[in-house]
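Each protein sequence line maps, in turn, to chains A and B. Per the numbering used here: the first sequence ends with 375, consecutive numbering throughout. Per the numbering used here: the second sequence ends with 1292, consecutive numbering throughout. Using N, Cα and C, we set each Cβ at its ideal position, and we do this for glycine too. For reference, the structure is listed below as structure tokens.
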Amino acid sequence: MSFASHPDDAIRLADVRKQFGDTAALAGVSLKAKPGSFVVLLGPSGCGKSTLLRVLAGLEQATSGTIELSGRDVSRLPPAQRGISMVFQSYALFPHLSVAENIVFGLKARGVPAADRAARLKDAAALVGLGHLLERRPSQLSGGQQQRVALARAIVAQAPICLMDEPLSNLDAKLRNEMRREIRALQQRLKLTMVYVTHDQAEAMSMADQVVLMRDGHVEQDASPAELYARPATRFAATFIGTPPMSLVRLTAGEGGAVLEGAPGHVLAPAQAAGQWLGVRPEEIVLSDAEGLPAGIAGAEFLGGETVLSCVIGTGTQVLQVRVPGLCALPVGTPVRLRLPQTLHLFDDATGRRIEDFPSNLASPFSSKDNATCR
Amino acid sequence: MSTTAPEAVAGARKNLAGLLVVPATLFVAIGLIGPLAILFRYSLNKFVPGQFMVDGLVIENYVKFFTDTYYLNVLVRTVRVAVICTLACLIMGFPLAYVLARTQSRFKNLLVIAVVLPLFVGNAVRAAGWMTAFGSKGALNASLMAMGLIDQPLEIMFTENAVLIGIVAVNLPFMVLSLQSVIEGIPRQVEEAAFSLGAAPGAMFRRVLWPLALPGVLAGTILTFILAMNAYATPVLLGGPKFQMMGPLVYGQFAQQNNWPFGGAISFILMTATILLTAVAHLIVQGRYRNR
Ligand SMILES: Nc1ncnc2c1ncn2[C@@H]1O[C@H](COP(=O)(O)OP(=O)(O)O)[C@@H](O)[C@H]1O
Ligand SMILES: [Mg+2]
């Protein structure tokens, strides 16, 4: 792979590896990000998100690979010289300094004149709504206010790239939603290139321009939220995104094509797809009175605005989840029919990768228009 | 439910807590305050050779100390030794404590034990060991002279330096442990935040690590300073008869001269000097910390 320097990329990683003794925390990560874009590093706990962010920041030295920020190779530079600012999961505020001193800490360290410091402090504090708390110590602030101090401290540096490691994970759900919007708005207003770490796929989907889905130290898929949702590249990506995530069921050989175990009459894919995995988004399945895959209710989870039904296919054991609007209190064992959508996803059993040339016309053998009503 | 029940529980708790501090309080009262009060009373008595102690209410013992340059020199020397030892402990102890606090090593517990290990050997035993190693007829001088590297034995023993090294060796573990426990409570992310905000290592130390470690610095310096001011075995064994410090001076007055009033006065001067210097240093550090 050739990675020539492109000044139009804000971030460019080429085959970055990080070894901790025997564990490869990063097993060859390459990615690019455009200036002003909001990049989310997403993945389960322990997949290397924090390590990647720390390697970007220079807090951890990569074992190998190159890191370019704004067209400059910073692989060997200390954190202070990388033109980045960082927000830590624990906020890492200086407990012995006031809010104001916390915010201007970096400006002082970089020798910004006092008058300039005062002006920028005022701007940053106003931007995050902290103007009235400047004399307090961090211990006298609520979690949300501490979060804002950490934000202000990062943005006041006016570094072109801002790194955040699960900055909202210590806040309650309501505040988290509020801060998500604020961070996104701030990033757009200041035209920052943001690298934001989270393990929450909903957070990633709602904030990102670009989602970098990671698993076991490598990039599983690097795409826009829409692309990640519509065309997951692997089974892992498919089951990581969505609330609830995509259901995966194994296709078996049947008469006339690949079918699901327990529902032999319903050909879902060409014969060669037998043995591979079929993915269906729960929100795209429709309950039908008359036609579709025969199934039985195995459980229902009421979420307020909608209900997630677990449906066992035919006489088999495989389960598809179905998301229906409103309350749908069907008792366990109720027979239903599932109308599958046009867009089905097929994944290779051996490699887990998406099978691209999947003829989607075969995927929707049910054309009935009648929608079942849920009582 | 009425609100009296929890209050009764709280009251019982308070009583229990009161009871629990009684033994320590009694111990301190009987073991420290009583003897100190008696000692102070003695220091105001008169000493008449041959008559041991004559009841009185005079300050002549204190006057004697502060008008005799010999005793003043002992006090100055003691303070100098204590200050140098405390600073040396701080300078050597801080990096060691930092490494101990931050290490991810599996052998961390062993490292901590290694730091404390010197304390398992008593001061006197250690000093005696050094005498055999570094004395004019000791192992070091004997081998150097046998090799023909020196004609005269090196004077290591019975110098101020020997005492300084001896006291530092005894006090260093106290400094390291005081600092380590505080540094361990400082999150690593706070240091990393300072770096990511553009602070060089020196600036990070000055503006983040040092102020946050200050409680440990204070505890460690107070501890080592008090220990050094009151050192006894090390100055006696490594300093020799001509190197007087306050601790041995007090003992000499009680045990050899039988001059209890003057011994009492010296004790109080030593104690007051220790407390005053500790308090002054404390205030200076805190003041600087506040103003930054
Ligand atoms: N300082 C370290 N020493 C040893 N192993 C580490 C260190 N930091 C991270 N790791 C390991 O690297 C892997 C990735 O960790 P991390 O980047 O923190 O994951 P994430 O942030 O995605 O939860 C984990 O297996 C973790 O145990
Ligand atoms: Mg992490």
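inquiry  = Do Gln-272(A) and Leu-346(A) have their beta-carbon atoms positioned less than 8 angstroms apart in this structure?
reply    = The answer is no: Cβ separation not under 8 angstroms.
message = Strictly under 8 angstroms for the Cβ-Cβ distance: is Leu-1197(B) near chain A by that measure?
response = At least one C-beta of chain A is nearer than 8 angstroms to the C-beta of Leu-1197(B).
task = Please name the residues in the segment 1183-1216 of chain B whose beta-carbon is closer than 8 angstroms to at least one beta-carbon of chain A, in chain order.
result = Cβ contacts with chain A: Pro-1187, Gln-1189, Val-1190, Glu-1192, Ala-1193, Ala-1194, Phe-1195, Ser-1196, Leu-1197, Gly-1198, Ala-1199, Ala-1200, Ala-1203, Arg-1207, Val-1208, Pro-1211 and Leu-1212.
inquiry  = When you compare the CB of Leu-59(A) with every CB in chain D, is at least one pair closer than 8 angstroms?
reply    = Judged by its chain identifiers, the structure shown contains no chain D, and its protein chains are A and B.
ask   = Candidates Ile-285(A), Thr-252(A), Ala-300(A) and Val-156(A): which alpha carbon is nearest Gln-342(A)'s?
value = The closest CA to that of Gln-342(A), considering only Ile-285(A), Thr-252(A), Ala-300(A) and Val-156(A), is found on Ile-285(A).
query = Counting along the chain, where does the alpha helix (DSSP H) carrying Met-1246(B) start and finish?
reply = The continuous alpha helix (DSSP H) containing Met-1246(B) extends over residues 1246-1251.
query = Under three-state DSSP, which class holds Ile-67(A)?
reply = Here Ile-67(A) sits in strand by DSSP.
query = What residues in the segment 102-117 of chain A have a beta carbon less than 7 angstroms from any beta carbon of chain B?
reply = Of all residues in the segment 102-117 of chain A, Phe-105, Gly-106, Ala-109 and Arg-110 have a Cβ within less than 7 angstroms of some Cβ in chain B.
key: Residue environment, Gln-1253(B), which counts as buried when at least 16 other CB atoms sit within 10 Å   = Buried, because 16 or more other Cβ atoms sit within 10 Å of the Cβ of Gln-1253(B).
query = Which residues count as close to ligand 1 when the rule is a CB under 6 angstroms from any of its heavy atoms, in chain order?
reply = After applying the 6 angstroms Cβ criterion, the set is Phe-20(A), Thr-23(A), Ala-25(A), Gly-43(A), Ser-45(A), Gly-46(A), Cys-47(A), Gly-48(A), Lys-49(A), Ser-50(A) and Thr-51(A).
message = So that I know if they touch, is there some Cβ in chain B lying closer than 8 angstroms to that of Pro-79(A)?
response = Yes, Pro-79(A) lies at the interface with chain B (some Cβ there is under 8 angstroms from its Cβ).
ask   = Would Ser-247(A) be called buried (16 or more neighbouring beta carbons within 10 Å of its own) or exposed?
value = Its Cβ being crowded by 16 or more others within 10 Å, Ser-247(A) is buried.
Entirely enclosed alpha helix (DSSP H) segments - the segment 88-154 of chain A, minimum 4 residues = Runs of the alpha helix (DSSP H) inside the segment 88-154 of chain A: 99-109 and 114-127.
query = Assuming Val-87(A) contacts Met-164(A) under a Cβ cut-off of 8 angstroms, what Cβ separation, rounded to an integer in Å, is found between them?
reply = About 4 angstroms; that satisfies the 8 angstroms criterion.
task = Flag Met-205(A) as yes if its beta-carbon sits less than 8 angstroms from any beta-carbon of chain B, otherwise no.
result = Chain B contact via Cβ: absent.
request  = Determine the DSSP secondary structure at Thr-1067(B), reduced to helix, strand or coil.
outcome  = Under the three-state reduction of DSSP output, Thr-1067(B) falls in the helix class.
key: Cβ of His-96(A) within 8 angstroms of any chain B Cβ   = Using a CB distance cut-off of 8 angstroms, His-96(A) counts as an interface residue toward chain B.
message = Please tell me whether, using a cut-off of 7 angstroms, the distance from the CB of Asp-165(A) to the nearest non-hydrogen atom of ligand 2 is below it.
response = True, at least one ligand heavy atom lies under 7 angstroms from that Cβ.
query = Would you call Tyr-196(A) buried or exposed, if buried means 16 or more other Cβ atoms sit within 10 Å of its Cβ?
reply = Per the 10 Å Cβ criterion, buried.
inquiry  = Could you check whether the Cβ of Ser-85(A) sits closer than 8 angstroms to any Cβ belonging to chain B?
reply    = Interface residue, yes.
request  = Grab the span of the alpha helix (DSSP H) containing Val-286(A) for me, first residue to last.
outcome  = First-last for Val-286(A): 286-288, but that is the beta strand (DSSP E), not the alpha helix (DSSP H).
ask   = Three or more C-beta pairs closer than 8 angstroms, one from the segment 1172-1179 of chain B and one from the segment 1085-1097 of chain B: is that the case here?
value = Yes, they touch.
Cβ-based contacts, 8 angstroms cut-off: residues of the segment 120-141 of chain A near chain B = Answer set for the segment 120-141 of chain A: empty.
request  = Look up His-199(A) in the DSSP assignment and say whether it is helix, strand or coil.
outcome  = Three-state result, His-199(A): coil.
Cβ neighbour criterion (16 or more within 10 Å) applied to Arg-1080(B) = Exposed: under 16 other Cβ atoms inside 10 Å.
ask   = By a C-beta neighbour count over all protein chains shown, 10 Å radius and 16 as the cutoff for buried, is Met-1147(B) buried or exposed?
value = That one is exposed.
request  = Just tell me which of Ala-350(A), Gly-254(A) and Glu-283(A) has its CA closest to the CA of Thr-243(A).
outcome  = Selected option, being the one with the closest Cα: Glu-283(A).
task = May I have the straight-line CA-CA distance separating Met-1092(B) from Leu-1140(B), to the nearest angstrom?
result = Distance from the CA atom of Met-1092(B) to the CA atom of Leu-1140(B), rounded to whole angstroms, is 25 angstroms.
key: Reference Leu-26(A), options Val-55(A), Leu-42(A) and Asp-9(A), closest by Cα   = Checking every option, the nearest Cα to that of Leu-26(A) belongs to Val-55(A).
inquiry  = 8 angstroms is my cut-off, CB to CB: does Ala-157(A) come that close to chain B?
reply    = Cβ-Cβ to chain B under 8 angstroms: yes for Ala-157(A).
ask   = In the structure shown, what three-state DSSP assignment does Glu-306(A) receive?
value = In the structure shown, the three-state DSSP call for Glu-306(A) is strand.
query = So which of Ala-24(A), Leu-41(A) and Asn-102(A) has the shortest CA-CA distance to Gln-210(A)?
reply = Ranking the options by Cα distance to Gln-210(A), first place goes to Leu-41(A).
request  = Could you say if the segment 319-330 of chain A and the segment 299-310 of chain A meet the contact criterion of at least three C-beta pairs nearer than 8 angstroms?
outcome  = Judged by Cβ distances under 8 angstroms, the segment 319-330 of chain A makes contact with the segment 299-310 of chain A, as three or more pairs qualify.
message = Against chain B, does Ala-92(A) count as a neighbour if the rule is that its beta carbon must be under 8 angstroms from one of theirs?
response = Output row for Ala-92(A): interface = yes.
Residues that Phe-88(A) contacts on chain B, provided the C-beta gap is smaller than 8 angstroms = By Cβ distance, chain B contributes Gln-1189, Glu-1192 and Ala-1193.
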